[in-house]
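Notes to accompany the following structure.
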Amino acid sequence: MELTGSVALITGASSGIGRSVALELADHGVHVLVHGRDRLRLDDVVSLTGGTPLVAELADPAQRDALVRNATEVHGRVDVLVNNAGVGWSGPVTAMTADDVDRVLEVNLSAAVHLTRLLVPGMVDRGRGAVCFVTSVAGRSPVAGEAVYSAAKAGLDAFAESLRAEARRSGVHVSVVVPGVVDTDFFANRGRPYDRALPRPVPPQAVATAVVRSIADGRPEVWVPRWLRLAPAARALAPGPYRGLSAAFGGRHRLAGDAGRRVRPGSRWP
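Residue 237 in this note's numbering is what sits at position 237 of the sequence shown, and the numbering runs on without skipping anything.
The following block contains the structure:
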């Protein structure tokens, strides 16, 4: 896909991966529409990209619909949608409130599905477009303490795969970028910093480069780093040992009954 002159909506673009994607797309001559909840941080991205800030809460269906309307009105179209926004939550599922569960599913999965559903028809009519989903290795190789988050990311992978089949010969390209641990505020915002020795965090710029490459070169799937492909392969070839490692990586995350259940507030995202 030719990027120069295209219009791209990037969700969760006020920081981290989304911010880096917006900067890199702008460097390729793309008109960027940067979405987030923090207007001050969005303004910083706008000052560097010349893009347009769009504030919306993705967990709110009405605000999602308004985001699509506002994004489409800026340049009359959206050629590229980068579904990047996400929210994490660390801990056993029994420690989550109903609101925690709903928010993780809404932001990580439902919002991407609905934004795609609303923006893809215009791409099909023009015979040109791209949708990129930033998923996670957690959706391919889940570990203890990330049950709902992993489920949301796995659902995003399945949705992208089905969408790619539906979009065949439509001129709309569908790609997935699967990052491992990324050096952003994501882990601190989810309520628990990243504290594992491996895998080591990669810079958000590396993921942004993969996103742009997947769109420009028509790649259906890119892993960052590439060796992470071994994790789901190990899960398929040796499920028993894999489950043991998954429990070990989960560390202290164990289910609790009602008597020992401790609920903490859910995490936030920028």
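Ideal Cβ placement from N, Cα and C applies to all residues, glycine included.
- If you keep only unbroken alpha helix (DSSP H) runs of at least 4 residues inside the segment 85–157, you get 98–105 and 111–126.
- In the displayed model, Ser20 falls within a helix according to three-state DSSP.
- Taking a C-beta distance under 9 Å as the contact criterion, Val30 and Thr72 do not qualify as a contact pair.
- If you draw a 10 Å sphere on the C-beta of Arg64, you find 16 or more other C-beta atoms in it, and that means buried.
- Contact check between the segment 107–114 and the segment 156–169: three or more CB pairs, one atom from each, fall below 8 Å, which counts as touching.
- In this structure, the straight-line span from the alpha carbon of Gly18 to that of Pro179 is close to 13 Å.
- Non-local C-beta neighbours of Val68 in its own chain, meaning closer than 7 Å and more than five positions away in sequence, comprise Leu115, Leu118 and Leu119, ordered along the chain.
- For His173, the enclosing beta strand (DSSP E) stretches over residues Val172 to Pro179.
- C-alpha of Ala147 to C-alpha of Val93: approximately 7 Å in a straight line.
- DSSP places Thr52 in the strand class (E or B) of the three-state scheme.
- A check of alpha carbon separations from Ile10 across Arg37, Arg39, Gly50 and Val80 identifies Val80 as the nearest.
- Between the alpha carbons of Ala62 and Ala56 lies a gap of roughly 9 Å.
- Between Val143 and the set Arg41, Leu230, Ser6 and Gly91, the nearest pair of CA atoms involves Gly91.
- A distance below 6 Å between beta-carbons, with the five flanking residues on each side excluded, links Val131 to the following residues of its chain, in chain order: Leu81, Thr116 and Val174.
- When DSSP reads this structure, Gly36 sits in a beta bridge with Val55.
- Here Arg140 is buried. Its C-beta has 16 or more other C-beta atoms within 10 Å.
- Under the three-state reduction of DSSP, Glu166 is assigned to helix.
- Sequence-distant partners of Ser170 (beyond 5 residues in either direction) whose C-beta falls short of 7 Å from its own C-beta, in its chain, are Val124.
- Taking 9 Å as the cut-off, the Cβ atoms of Asn84 and Ala13 count as close.
- DSSP places His28 in the coil class of the three-state scheme, outside both helix and strand.
- The straight-line gap separating the alpha-carbon atoms of Gly36 and Ser214 is approximately 23 Å.
- Inclusion of Ser20 and Pro201 in the CB contact set at 9 Å is not warranted, their separation being larger than that value.
- Val46 and Ala167 have their alpha carbons spaced roughly 32 Å apart.
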